[in-house]
Amino acid sequence: MSSTAQVEVRGLAYAYPDGHQALFGVDLVIAPGERVAMLGPNGAGKTTLVLHLNGILTAGAGTVSIGDLEVVKANHREIRRRVGIVFQDPDDQLFMPTVRQDVAFGPANAGLRGEALEARVTAALEQVGMAEYADRPPHHLSFGQRRRVAVATVLAMEPDVLVLDEPSSNLDPASRRELADILRGLDVTVLMVTHDLPYAWELCPRSVILHEGTIVADGSTTDLLSDADLMAAYRLELPFGFAPGAVSKQP
Amino acid sequence: MGAGHGHRLHFHAHSPLHRAQPHHKLLGLIAFMLVVVATPQDWFGAFAGYALVVLVAVAVSRVPVRYLLKRMVIEVPFVLFAVLIPFVALGPKVEVLGISVSEPGLLAAWGLLAKGTLGVLASLLLAATTEPVDLLEGLRRLRAPDLIVQIMGFMVRYLDVVTAELSRMVTALRSRGCDPRSPKHWPVLARSLGSLFIRSYERGERVHLAMTARGYTGRMPDGLTARSHP
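Below you can see the structure in the form of structure tokens.
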């Protein structure tokens, strides 16, 4: 096991209790500070893989490690602090009556109390520009705001790895760009599951393609998106008129 | 208070009643209701006194009377039941407006109506002057069972989400020519309520997943304050 990897998945296989096998030996290594996009058609096993990263699902075969810790039941508490998952529907993620309580939920589970907890909540909300909404109930926020608060609920745990499931889905273009600005400014390892290829290209220097439960491609996002044969083989398509390299990347 | 707009039942204002501690208000309501329910039906003077107490409280709260009256339609089924009692109850009969009705039935109907109305009005006043979040905090301070408070918290949080989902389903039904008001289409409506239940159930599972991912192990952590300055 290399000591430099932030996320290390080795030979991961998993079958659901109903017998449906979703992962067939996945290998994936992510270095600290990397931003990686995970691409692939629906049903490729992306969500299943994500749920292994913090031990919600237990590997049928193979291992998952976060930093120096293997994902096993005894380490769940620390693993779940290290890996923050932002789920696709913010209404699933935000379940407390107010934004403040929701952002405090994770760190409070980790044992933080009082002023330290308060400071953590404020810091996380400031990172996503939502500090003035702390006392609002989540259902009074716009969708884009709720997505940002959902990111804050995870940032409040000061994770080493931020996992985002379809971060740009259902966002209007302005909210989509605001979220990109926030993500770009974070100093964490990011794994982004997405169908939004331009978003992956904008934010993640590296991409992997998951197809039928295995990683079939791993390389620079520009290279993958420029490879027309590869893209076609795995049902990946760029929006009309979009060509990677034709647009200059933002810093 | 940071929350600009409250829930459907909440009326935003700044009165002594709005500022009062939620657990004091809750205790007040419970005590008041116990006294009202324990009062014999024929102590008419006492009921006049209770009504005066509630009306003074309404005046102090600056919640418009019309706002409360509109929300009192919730009582209608009980009113209908109360109206029926004098006709079906047994015992000596009296003539009212030329109709012969049961005398104990009449008294029972009065009791139900008076106690019910006082209760509904007082509860609506509590809801109008207290944000749901603060009510939960009040219940917690009164040491209500934690699980119950949690469940109520989820209800407050997801009521609007589920209602919005239902209204989108109804819009989709209407767009395809179904009229939810017509009894002919009630079976369709019933089936969509069924699927709403399934959807909510699945959402519950996803919420639980999101909670587990953030370290939830079956007990709500304490120290989650609803507001910056409790």
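Order-wise, the sequence lines are chains R and Y. First residue of the first sequence: 1, per our numbering; consecutive thereafter. First residue of the second sequence: 1, per our numbering; consecutive thereafter. Idealized CB from N, CA, C, for every residue including glycine.
{"Item": "Could you have a look at R/Gln-21 and say whether DSSP puts it in helix, strand or coil?", "Value": "strand"}
{"Item": "What's the gap between the Cα of R/Glu-126 and the Cα of R/Glu-158?", "Value": "13 Å"}
{"Item": "Per DSSP, which residues does Y/Leu-107 bridge with? Please list them.", "Value": "DSSP, once it has assigned bridges, lists no residue as partnering Y/Leu-107."}
{"Item": "Find the residues of chain R that neighbour Y/Tyr-216, judging by a C-beta separation of less than 8 Å, and give them in chain order.", "Value": "Phe-105, Asn-109"}
{"Item": "What does R/His-139 reach in chain Y if we use C-beta pairs closer than 8 Å?", "Value": "Arg-157, Asp-160, Val-161"}
{"Item": "Let me know if R/Tyr-133 comes out buried or exposed under the rule of 16 or more other beta-carbons within 10 Å of its beta-carbon.", "Value": "buried"}
{"Item": "If the criterion is Cβ atoms closer than 8 Å, does the pair R/Ile-56 and Y/Thr-212 meet it?", "Value": "yes"}
{"Item": "Any residues in the segment 190-214 of chain Y with a beta carbon nearer than 8 Å to a beta carbon of chain B? Which ones, in chain order?", "Value": "No chain B is part of this structure, whose protein chains are labelled R and Y."}
{"Item": "So which of R/Pro-97, R/Glu-34, R/Asp-27 has the shortest CA-CA distance to R/Thr-63?", "Value": "R/Asp-27"}
{"Item": "Measure the beta-carbon distance from Y/Leu-166 to Y/Pro-180 and round it to whole angstroms, keeping in mind my assumption that it falls under 8 Å.", "Value": "With a Cβ gap of about 10 Å, Y/Leu-166 and Y/Pro-180 do not count as contacting."}
{"Item": "Counting only beta-carbon atoms, is Y/Met-149 nearer than 8 Å to chain R?", "Value": "Note that residue 149 of chain Y is Val in the sequence shown here, rather than Met. For Y/Val-149, the answer is no, since every Cβ of chain R falls outside 8 Å of its Cβ."}
{"Item": "Exposed or buried, which one is Y/His-10 when buried takes at least 16 other CB atoms within 10 Å?", "Value": "buried"}
{"Item": "Given a cut-off of 8 Å on the beta-carbon distance, is the pair R/Thr-189 and R/Val-161 in contact?", "Value": "yes"}
{"Item": "Is R/Asp-68 helix, strand or coil when you go by DSSP?", "Value": "coil"}
{"Item": "So, helix, strand or coil for R/His-211, using DSSP?", "Value": "strand"}
{"Item": "From the DSSP output, which residues share a beta bridge with Y/Ser-100?", "Value": "Y/Glu-95"}
{"Item": "Taking buried to mean at least 16 other C-beta atoms within 10 Å of its own C-beta, is R/Gly-111 buried or exposed?", "Value": "exposed"}
{"Item": "Identify, in the order they occur along the chain, each residue of the same chain with its Cβ nearer than 8 Å to the Cβ of Y/His-18, setting aside the five sequence neighbours on each side.", "Value": "Ser-61, Thr-129, Thr-130"}
{"Item": "I think Y/Pro-22 touches Y/Leu-135, with their Cβ atoms under 8 Å apart; what is that distance to the nearest whole Å?", "Value": "6 Å"}
{"Item": "Quick one: what's got a C-beta closer than 6 Å to Y/Ala-109's C-beta in the same chain, skipping five residues either side?", "Value": "Ala-82, Ile-85, Pro-86"}
{"Item": "Verify whether the separation of the beta carbon atoms of R/Thr-194 and R/Ser-168 is less than 8 Å.", "Value": "yes"}
{"Item": "Distance, Cα to Cα, R/Ser-65 vs R/Asp-18?", "Value": "26 Å"}
{"Item": "Which residues in the same chain have their Cβ closer than 8 Å to the Cβ of R/Ser-2, if we skip the five residues on either side of it in sequence?", "Value": "The pLDDT assigned to R/Ser-2 is 47, lower than 50, so where the model puts this residue is not dependable, and the model offers no usable value."}
{"Item": "8 Å is my cut-off, CB to CB: does Y/Pro-132 come that close to chain R?", "Value": "yes"}
{"Item": "Give me the chain R residues within the contact set of Y/Gly-153, using Cβ-Cβ distance strictly less than 8 Å, ordered along the chain.", "Value": "Met-96, Pro-97"}
{"Item": "I need the DSSP call for R/Gly-241, collapsed to helix, strand or coil.", "Value": "coil"}
{"Item": "DSSP three-state call for Y/Tyr-216: helix, strand or coil?", "Value": "coil"}
{"Item": "Quick one: what's got a C-beta closer than 8 Å to Y/Lys-93's C-beta in the same chain, skipping five residues either side?", "Value": "Ser-100, Val-101, Ser-102, Glu-103"}
{"Item": "What is the DSSP secondary structure of Y/Arg-19, reduced to helix, strand or coil?", "Value": "helix"}
{"Item": "Going by the DSSP bridge assignment, what does R/Tyr-14 pair with across the sheet?", "Value": "R/Leu-23"}
{"Item": "Tell me the rounded alpha-carbon separation between R/Leu-117 and R/Val-71.", "Value": "26 Å"}
{"Item": "Please classify Y/Arg-157 as buried or exposed, where buried requires at least 16 neighbouring CB atoms within 10 angstroms.", "Value": "buried"}
{"Item": "On the DSSP bridge list, what partners appear for R/Arg-206?", "Value": "R/Val-36, R/Ser-220"}
{"Item": "Nearest CA to the CA of R/Arg-146: which residue from R/Val-50, R/Asp-223, R/Ala-228, R/Gln-93?", "Value": "R/Gln-93"}
{"Item": "Is the beta carbon of R/Gly-106 sitting closer than 8 Å to the one on Y/Gly-215?", "Value": "yes"}
{"Item": "Would you kindly work out how many angstroms separate the C-alpha atoms of R/Gln-250 and R/Asn-109, rounded to a whole number?", "Value": "At R/Gln-250, the pLDDT of 48 sits below 50, so the modelled position is not reliable; the number obtained from the coordinates is stated separately. The alpha-carbon atoms of R/Gln-250 and R/Asn-109 are separated by roughly 38 Å."}
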